[in-house]
Amino acid sequence: MGPRKQALFERAAYYRELAAGEAAWLSSIQLENGAIPFRGETHGEASITPYFSDIAAWGLLEGGEYRAVRDYIQWHMAHLNDVVSDYSGIAGTIYDYTIEVDDGKVVSEKSERHYDSVDSYAATFLILISEYCQRTGDEALFRQYQDQVLLVLGAMERTIDRDGLSFTKPDYLVKYLMDNAEVYAALGCMESLLERYPVPDGKRILTRLRQRRTSLNERLEALLWNQGERRYETGADAKGKTLAFGGWQEFYPDATAQLFPILFGLLEPASQRAQEIYQRFCREHAWQEMEHYATGNASFYWGLVAYAGAKMGDEERVYQYMEYYRRCVLPDRDYPLYCGDAGWIILACGEMARWCETEMERIDPLGLVQVQ
Numbered sequence: 166m167g168p169r170k171q172a173l174f175e176r177a178a179y180y181r182e183l184a185a186g187e188a189a190w191l192s193s194i195q196l197e198n199g200a201i202p203f204r205g206e207t208h209g210e211a212s213i214t215p216y217f218s219d220i221a222a223w224g225l226l227e228g229g230e231y232r233a234v235r236d237y238i239q240w241h242m243a244h245l246n247d248v249v250s251d252y253s254g255i256a257g258t259i260y261d262y263t264i265e266v267d268d269g270k271v272v273s274e275k276s277e278r279h280y281d282s283v284d285s286y287a288a289t290f291l292i293l294i295s296e297y298c299q300r301t302g303d304e305a306l307f308r309q310y311q312d313q314v315l316l317v318l319g320a321m322e323r324t325i326d327r328d329g330l331s332f333t334k335p336d337y338l339v340k341y342l343m344d345n346a347e348v349y350a351a352l353g354c355m356e357s358l359l360e361r362y363p364v365p366d367g368k369r370i371l372t373r374l375r376q377r378r379t380s381l382n383e384r385l386e387a388l389l390w391n392q393g394e395r396r397y398e399t400g401a402d403a404k405g406k407t408l409a410f411g412g413w414q415e416f417y418p419d420a421t422a423q424l425f426p427i428l429f430g431l432l433e434p435a436s437q438r439a440q441e442i443y444q445r446f447c448r449e450h451a452w453q454e455m456e457h458y459a460t461g462n463a464s465f466y467w468g469l470v471a472y473a474g475a476k477m478g479d480e481e482r483v484y485q486y487m488e489y490y491r492r493c494v495l496p497d498r499d500y501p502l503y504c505g506d507a508g509w510i511i512l513a514c515g516e517m518a519r520w521c522e523t524e525m526e527r528i529d530p531l532g533l534v535q536v537q
């Protein structure tokens, strides 16, 4: 028991240290106005994709960088669209931005009035604001932006179609598994947030959120779960026809999409389906060796796969992945490392550190064995 507990203690410290380093890097690339760029920029143009910035902020939140998260939330809120500025007339959306930086100072901001999605951009931000408020108890921030939070929620709900699934945006009516998993999680987060911090007409809103979440779960099962092949469809078009599945060998989107129900709480990690999906993914892709990146099957490191492994308690593979990341990515942090991947890395490390600590308690519940 002693050696095992010591090993777990050291491994937890390893993950905490790695997470702290990534949180520090994200903090260092954050711009003075609070925006989190795709990559750091001190001279030139910094690209802001709010979806990726949200995930980076999840990582900063996990790393305890609450001020940085608060600054980003304030930047995000200041850039929300209203019905006039949004090209589809939906209040609560946000565009991608390009920010001109000179000697580390923000000179100007511009947008091409474009976003990849309404549903995912809204969902990831709602998850962030909810988790931030739950962790910090910063009710003042929530009250300051209460109306805007409800606008973002409304924007997300505008994408939920009659069949119960969310579409990407009004001019692209594809209903992706990945986006819908994020929306499912966001509905749950908003339910928790509004239970903690009541708003006008809150009971009606909460009832609606619960109904939508239950319906989304049921419709994903009915419309996107392929029982015969024991996998999810990656999505459906506006007419309800499922998208062509390229096979498990296609790392993105076909294989990675299968992990999103695990990542966002549709499937419990201990469930049979989660176990089947995860093991099939691991048989097809040696992700712990960065095979997907080394072979060109993916252009990025895909830290979310490590987070899925962490949620599944796959300590061996997650450690292998992190060792590759530590040896080959961290020395220079060159492209293709970007803010979202760093956010996923922090989340994975936090999850694995907690797993190690839980294991320590399990094998030594009375704390009799000393470790250092």
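Residue numbers (my numbering): 166 to 537. Using N, Cα and C, we set each Cβ at its ideal position, and we do this for glycine too. Since the model is a prediction, treat every value here as computed from it, not as a measurement.
DSSP three-state label for residue i, please.
i	result
Val364	coil
Thr263	strand
Arg377	helix
Ser273	strand
Trp390	strand
Lys340	strand
Thr372	helix
Gly199	coil
Thr523	helix
Phe465	coil
Val249	coil
Ile255	coil
Glu356	helix
Val494	helix
Gln538	Outside the displayed span of the chain (166 to 537) sits residue 538, for which this structure offers no information.
Tyr500	coil
Ala320	helix
Gln537	coil
Going by beta-carbon coordinates alone, are residue i and residue j separated by less than 7 Å?
i	j	result
Pro258	Asp284	The sequence as given places Thr at residue 258; Pro does not occur at that position. No, the pair does not count as a contact, with Cβ atoms beyond the cut-off.
Gly478	Asp506	no
Glu347	Phe410	no
Ile528	Glu187	no
Asp328	Arg377	no
Val536	Gln171	yes
Phe203	Cys447	no
Thr333	Asp261	no
Ala256	Asp247	yes
Ala287	Ala243	no
Tyr458	Ala513	no
Tyr397	Gln414	no
Ser295	Thr263	no
Tyr515	Ala184	Reading the sequence as shown, one finds Gly at residue 515 and not Tyr. Taking 7 Å as the Cβ cut-off, Gly515 and Ala184 qualify as a contacting pair.
Tyr362	Glu304	yes
Gly400	Leu342	yes
Trp223	Gly508	yes
Arg176	Cys521	yes
Gln440	Tyr486	no
Tyr180	Ala518	yes
Leu191	Leu225	yes
Glu545	Glu197	Because the chain spans 166 through 537 in this model, residue 545 falls outside it and cannot be assessed.
Which residue marks the beginning of the alpha helix (DSSP H) containing residue i, and which one marks its end?
i	result
Gly209	Here Gly209 belongs to no alpha helix (DSSP H); instead the beta strand (DSSP E) covers Gly209 to Ile213.
Ser192	Gly167 to Ile194
Gly470	A small correction: the amino acid at residue 470 is Val; Gly does not occupy that position in the sequence shown. Gly468 to Lys476 is the span of the alpha helix (DSSP H), which, as asked, contains Val470.
Ala459	Glu456 to Ala459
Ala287	Asp284 to Thr301
Ala243	Tyr231 to Ala243
Glu415	Run containing Glu415: none; DSSP gives neither H nor E here.
Ala305	Glu304 to Gln309
Ile427	Phe425 to Leu428
Glu480	Glu480 to Tyr489
Which term fits residue i, buried or exposed, when burial requires 16 or more other beta carbons within 10 angstroms of its beta carbon?
i	result
Lys368	exposed
Val272	exposed
His279	exposed
Tyr297	buried
Thr289	buried
Ser193	exposed
Ser331	buried
Met166	exposed
Gln460	The residue you asked about is not Gln; residue 460 is Thr in the sequence shown. With fewer than 16 Cβ atoms within 10 Å of its Cβ, Thr460 is classed as exposed.
Pro426	buried
His450	buried
Lys404	exposed
Asp236	buried
Tyr337	exposed
Asn345	buried
His241	buried
Ser218	buried
Ala435	exposed
Thr207	exposed
Which residues does DSSP list as the beta-bridge partners of residue i?
i	result
Ser331	Ile325
Arg156	Residue 156 is absent from the model: the chain starts at 166 and stops at 537.
Ala435	DSSP, once it has assigned bridges, lists no residue as partnering Ala435.
Thr407	Ala401
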